[in-house]
Amino acid sequence: MKGALAGLALVAACLAVPAGAAPAAASDNGLSIRPAMGWSSWSFVRRWPDETKMKAQADALVSSGLADKGYVYVNLDDFYQKCDSNGFVVDNYGRWAVDSTKFPSGIKALADYVHARGLKFGFYVTPGIAKNAVTANKPIEGTSYHAQDIADTTQTHKNYNCKNMYRLKHSHPGAQAFINSWADQMASWGVDYLKIDGVDATTVADVEAWDKALRQTGRPINFALSNNLPIAQATTWKRLANSWRTQGDVECYCGSGPNGSGYPLTDWSHVVSRFNSAASWQQYAGPGGWNDYDSLQIGNGDQVGLTADQRRAHMTHWAMAASPLLLGTDLTALTSVDLAMLKNDRLIAVDQDGVAAQRVVNSGVNQVWRKRESNGDYIVALYNTGTSGNSTVSVTWSQVGFTGPAAVTNLWSGASEGTVSSSFSATLRPGETRLIRARPAAGQRYEAENATISQGAAESNHAGYSGTGFVNGDNVAGSYVEFTVNAAAAGPATLTLRYANGTSTNRPMTIDVNGTTMTRDFPGTGDWDTWADATFAVSLQAGANTVRATATTANGGPNVDYLDVS
Numbered sequence: 000m001k002g003a004l005a006g007l008a009l010v011a012a013c014l015a016v017p018a019g020a021a022p023a024a025a026s027d028n029g030l031s032i033r034p035a036m037g038w039s040s041w042s043f044v045r046r047w048p049d050e051t052k053m054k055a056q057a058d059a060l061v062s063s064g065l066a067d068k069g070y071v072y073v074n075l076d077d078f079y080q081k082c083d084s085n086g087f088v089v090d091n092y093g094r095w096a097v098d099s100t101k102f103p104s105g106i107k108a109l110a111d112y113v114h115a116r117g118l119k120f121g122f123y124v125t126p127g128i129a130k131n132a133v134t135a136n137k138p139i140e141g142t143s144y145h146a147q148d149i150a151d152t153t154q155t156h157k158n159y160n161c162k163n164m165y166r167l168k169h170s171h172p173g174a175q176a177f178i179n180s181w182a183d184q185m186a187s188w189g190v191d192y193l194k195i196d197g198v199d200a201t202t203v204a205d206v207e208a209w210d211k212a213l214r215q216t217g218r219p220i221n222f223a224l225s226n227n228l229p230i231a232q233a234t235t236w237k238r239l240a241n242s243w244r245t246q247g248d249v250e251c252y253c254g255s256g257p258n259g260s261g262y263p264l265t266d267w268s269h270v271v272s273r274f275n276s277a278a279s280w281q282q283y284a285g286p287g288g289w290n291d292y293d294s295l296q297i298g299n300g301d302q303v304g305l306t307a308d309q310r311r312a313h314m315t316h317w318a319m320a321a322s323p324l325l326l327g328t329d330l331t332a333l334t335s336v337d338l339a340m341l342k343n344d345r346l347i348a349v350d351q352d353g354v355a356a357q358r359v360v361n362s363g364v365n366q367v368w369r370k371r372e373s374n375g376d377y378i379v380a381l382y383n384t385g386t387s388g389n390s391t392v393s394v395t396w397s398q399v400g401f402t403g404p405a406a407v408t409n410l411w412s413g414a415s416e417g418t419v420s421s422s423f424s425a426t427l428r429p430g431e432t433r434l435i436r437a438r439p440a441a442g443q444r445y446e447a448e449n450a451t452i453s454q455g456a457a458e459s460n461h462a463g464y465s466g467t468g469f470v471n472g473d474n475v476a477g478s479y480v481e482f483t484v485n486a487a488a489a490g491p492a493t494l495t496l497r498y499a500n501g502t503s504t505n506r507p508m509t510i511d512v513n514g515t516t517m518t519r520d521f522p523g524t525g526d527w528d529t530w531a532d533a534t535f536a537v538s539l540q541a542g543a544n545t546v547r548a549t550a551t552t553a554n555g556g557p558n559v560d561y562l563d564v565s
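Mind the numbering: the sequence shown is residues 0 to 565 in numbering that gives the first Met the number 0, read in order.
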């Protein structure tokens, strides 16, 4: 399409937040503006990481071409430490000692190796201070304090390896100094990503201490929390960290090796369990902080425990949820089918668009998720989550968030599926997905209930509305409905706002388009079930345009049904 208004689309701003809700404050450390991508040692290497294995995976990340697609983190997880019968062996300042038999060159040398390949290095820790540090009463670096000053020996922290981690007395200044010294050591080694494991509702003070410690190093370190974090503290995790694990491990621990290691790495039930989690946590995701659904188990073909259909659905769901894409598979044994999945630019773009999808259909084995991107396109994923039997999954464009026809593209294949008038259906095999991009035709109608609402709510208690409802703003000056209109090029446009005013009193509003404000009257329409149109000639700039309708009197504005752009 060509012309000044070709490609116009209306986008409700801040889709990841329910209408009327304020977005949770994200970490302001400037990191993870988009979800992290890379590889982590836990799923495949498991309890036996070493220098040689880590270097091999880093090399494979580059040679496979995955690094060029954005998979840049190489994260060393647990079991790099040295333990004795009392827990972690520690250094002179009470911090975990690295097992020199596994990492004879040291962590800094490994990080340097990773960095030399254009990649980033990740590391692992859990809260607290080691029992051995307290028993030996190790000094806290740079202070006159010692381990026994800051340890609460009546309580231990969760730890999955050497155990024996005492809790810290965070009221004592030495506790923060200890965490700072550990963070400084990591920064000096070249750590770019830190996973703190064993986090729960009782460890908020520990997360706060690590957040402060990482910031004071002066080195940008992506801060990740794990695992199975309680949603009751979701706003706290979002304020302090760049990602947080919403559930337990995605690994099934059903392999043939020790402790369930080896293949299979996971199974379909562990993947499907993330659907409900993603629905509950969706509102908390956004630039700077992401819901982490654990490792992406794609790379080694069917042996990871998922069929090809299930692996595509696995990646589709992680991308729709804007989850970090941290591979858990053996990168030295990538299959061509899986490598093509992981390098699919269209799927990567869906993950990196900065929007977490909402579930709009949840019926038996059928699920449909949708999100709206900044250019006005809608991304829609349909799933058959069952393990037997085909299922036809359907969704209307009204459920997705718009009306009228849309051009549809299959994002796995890249093929066009033509123009679809009002709904989309696919018959899917068990575990299969269909992922599409729907681009509404220019000049279509967009519903106010999908826009950003301040001081008001979406309702449906009056007849005659379009879509699923309308916006009833509070009866105060300053209540508003805000849309974001994207134009492919600058030019004139006509905006039509459909409204109802069931009173005999005029309800004026300002219409603000990119900072240019006009005031319009919205007179009574006779009753709240009778709707009228108010039309405005405006000029749109290329790209995003903000359109806000704001009440100017204590009576509030009229009810708003939709905005047409032509």
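Glycine included, each C-beta is placed from N, C-alpha and C at the ideal position. Source: prediction; values computed, not measured.
The Cβ atoms of G327 and W38 lie closer than 9 Å to each other. Counting the other CB atoms within 10 Å of its CB gives M517 a total below 16, which places it among the exposed residues.
Between R438 and S465 the beta-carbon gap is near 20 Å, outside 8 Å, which marks them as no contact. Residue state for Q246 is assigned as coil, using DSSP reduced to three classes. With contact defined as three or more Cβ pairs closer than 8 Å, the region 392 to 402 and the region 416 to 429 are in contact. The region 275 to 290 makes no contact with the region 401 to 408, as fewer than three CB pairs between them are under 8 Å. If the five residues before and after T408 are omitted, its C-beta is found closer than 6 Å to the C-beta atoms of S415 and R436, all from its own chain and listed in chain order. In the structure shown, the three-state DSSP call for Q296 is coil. If you look at G29, you'll find it isn't in any beta strand (DSSP E); DSSP assigns it neither H nor E. The C-alpha of W236 is placed about 35 Å away from the C-alpha of P103. Membership of S272 in the alpha helix (DSSP H) is indicated by the continuous run W267 to W280. For Q154, the uninterrupted beta strand (DSSP E) run begins and ends at A150 to T155, by DSSP. Contact between A312 and E481 is absent: CB atoms are separated by about 35 Å, not below the 8 Å threshold. Of all C-beta pairs linking the region 124 to 136 to the region 83 to 102, three or more are shorter than 8 Å, placing the two stretches in contact.
For the pair G217 and A176, the CB atoms are not nearer than the 9 Å cut-off.
Measuring C-alpha to C-alpha distances from P491 to each of R310, L305, V379 and F535 identifies F535 as the nearest.
Nearest neighbour of D301 by Cα position, chosen from A318, N290, N365 and T334, turns out to be T334.
If you ignore the 5 residues before and after D352, its C-beta comes within less than 6 Å of the C-beta of E372, all in its own chain and listed in chain order.
Remark: C-beta atoms of V392 and N365 approach each other more closely than 9 Å. In the three-state reduction of the DSSP assignment, I230 falls in the helix class.
The residue from Q147, T134, G173 and G197 with its alpha-carbon nearest to that of N160 is G197.
Per DSSP, reduced to three states, the secondary structure at L109 is helical. Between V71 and L118, the beta carbon gap of about 5 Å places them in contact (Cβ cut-off 8 Å). Contact between R166 and Q147 is ruled out by a C-beta separation of about 13 Å, above the 8 Å threshold.
Between the region 222 to 230 and the region 189 to 209, the count of C-beta pairs closer than 8 Å reaches three or more; the two stretches touch. Per DSSP, N474 lies in no alpha helix (DSSP H) segment and is marked neither H nor E.
Around the beta carbon of A553, fewer than 16 other beta carbons lie within 10 angstroms, which makes this residue exposed.
Considered as a whole, the region 343 to 373 harbours 344 to 350 as its complete alpha helix (DSSP H) runs of no fewer than 4 residues, in chain order.
Per DSSP, the beta-bridge partners of Y561 are E446 and R497. Y252 is classed as exposed because its beta carbon has fewer than 16 other beta carbons within 10 Å across all chains shown.
Taking A440 as the centre and dropping the five residues before and after it, the same chain places the C-beta of G403, P404 and A405 closer than 7 Å to its C-beta, in chain order.
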